[in-house]
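Asker: Take this structure first; my questions come after.
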Amino acid sequence: MSSALRFLIVDDFSTMRRIVRNLLKESGFADADEAEDGVAALNKLRNSKFDFVVTDINMPNMNGFQLLSEIKKDDKLKHLPVLMVTAEARKEDIVAAAQGGAAGYIVKPFTKATLEEKVNLILKKMGM
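When the letters of the sequence shown are read in order and numbered with the UniProt record's numbering, they come out as residues 1 to 128.
Structure follows, in structure tokens:
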């Protein structure tokens, strides 16, 4: 079932989006789309069907926390698991992500194994 999931990768750096997309593909999740910030991501989420969001925290226009907040207050989107990705392992960010309803949190740079393990753990928790 999990390989048929559709991912949205949100990061303001195209290189990072490509890395995450390739790691997901190597982990068996080939269906992914990309957005360069929270505004573009929200637009895609509201106009397409996605099953999982992997988002950076620090982005222009709408950051990852703002995106998470928008997702969680939208009845059509709030069921989506959101995996937060950041370059900074600040305790307050981890707490804010958890309180905001993020399904998980990983710190850059990360390996395929870390991403795969986090995604699978989240899917398992959700019964997917």
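Beta carbons: idealized from backbone N, C-alpha and C, even for Gly.
Between which two residues does the beta strand (DSSP E) holding Met84 run?
Answerer: The residue labelled residue 84 in the question sits at position 84 within the sequence shown. Element bounds for Met84: Val82 to Thr86.
Asker: State yes or no: is the C-beta of Ala32 within less than 8 angstroms of the C-beta of Ala41?
Answerer: Locating residue 32 in the sequence shown gives position 32, where the first residue counts as 1. Locating residue 41 in the sequence shown gives position 41, where the first residue counts as 1. Here Ala32 is not near Ala41, since their CB atoms are 8 angstroms or more apart.
Asker: For the beta strand (DSSP E) holding Ala113, just list the boundary residues, first then last.
Answerer: As a working note, residue 113 is residue 113 in the sequence shown. Segment Lys112 to Lys125 is the alpha helix (DSSP H) holding Ala113; no beta strand (DSSP E) there.
Asker: Enumerate, from N- to C-terminal direction, the unbroken alpha helix (DSSP H) stretches of 4 or more residues contained entirely within the region 3-54.
Answerer: 14-26 and 38-47
Asker: By Cβ distance, which residues of its chain are closer than 6 angstroms to Leu23, with the 5 residues on each side in sequence left out?
Answerer: Counted from its first residue, the sequence shown places residue 23 at position 23. So the list reads Lys112 and Leu115, once near-sequence residues are dropped.
Asker: Taking only the alpha-carbon atoms, compute the straight-line gap between Val20 and Asp11 and give it to the nearest angstrom.
Answerer: Start at 1 with the first residue of the sequence shown, and residue 20 comes out as number 20. Start at 1 with the first residue of the sequence shown, and residue 11 comes out as number 11. So the alpha carbons of these two residues sit roughly 10 angstroms apart.
Asker: First and last residue of the beta strand (DSSP E) that includes Gly104?
Answerer: Residue mapping note: residue 104 aligns to position 104 of the sequence shown, counting from 1. Unbroken beta strand (DSSP E) run through Gly104: Gly104 to Val107.
Asker: For Val20, would you say it is in contact with chain D, using Cβ-to-Cβ distances shorter than 8 angstroms as the test?
Answerer: The chain labelled as chain D is not found in the depicted structure, where only one protein chain is given.
Asker: Could you please give the first and the last residue of the uninterrupted alpha helix (DSSP H) stretch that includes Asp93?
Answerer: Along the sequence shown, one-based indexing puts residue 93 at 93. Lys91 to Gln99 is the extent of the alpha helix (DSSP H) around Asp93.
Asker: Span of the alpha helix (DSSP H) holding Lys72?
Answerer: As a position in the sequence shown, residue 72 is number 72, starting the count at 1. Counting along the chain, the alpha helix (DSSP H) containing Lys72 begins and ends at Gly64 to Lys72.
Asker: Within the same chain, show all residues whose beta-carbon is closer than 7 angstroms to that of Lys44, passing over the 5 residues directly before and after it, in chain order.
Answerer: Locating residue 44 in the sequence shown gives position 44, counting from the first residue. Closer than 7 angstroms at Cβ, skipping near neighbours: Leu8, Asp33 and Ala35.
Asker: Identify, in the order they occur along the chain, each residue of the same chain with its Cβ nearer than 8 angstroms to the Cβ of Met1, setting aside the five sequence neighbours on each side.
Answerer: The residue given as residue 1 occupies position 1 in the sequence shown. Note on Met1: pLDDT 44, under 50, position unreliable in the model; no value is reported.
Asker: So what's Asp75 in DSSP terms, helix, strand or just coil?
Answerer: Start at 1 with the first residue of the sequence shown, and residue 75 comes out as number 75. Asp75 sits in coil when the DSSP states are folded into three classes, being neither helix nor strand.
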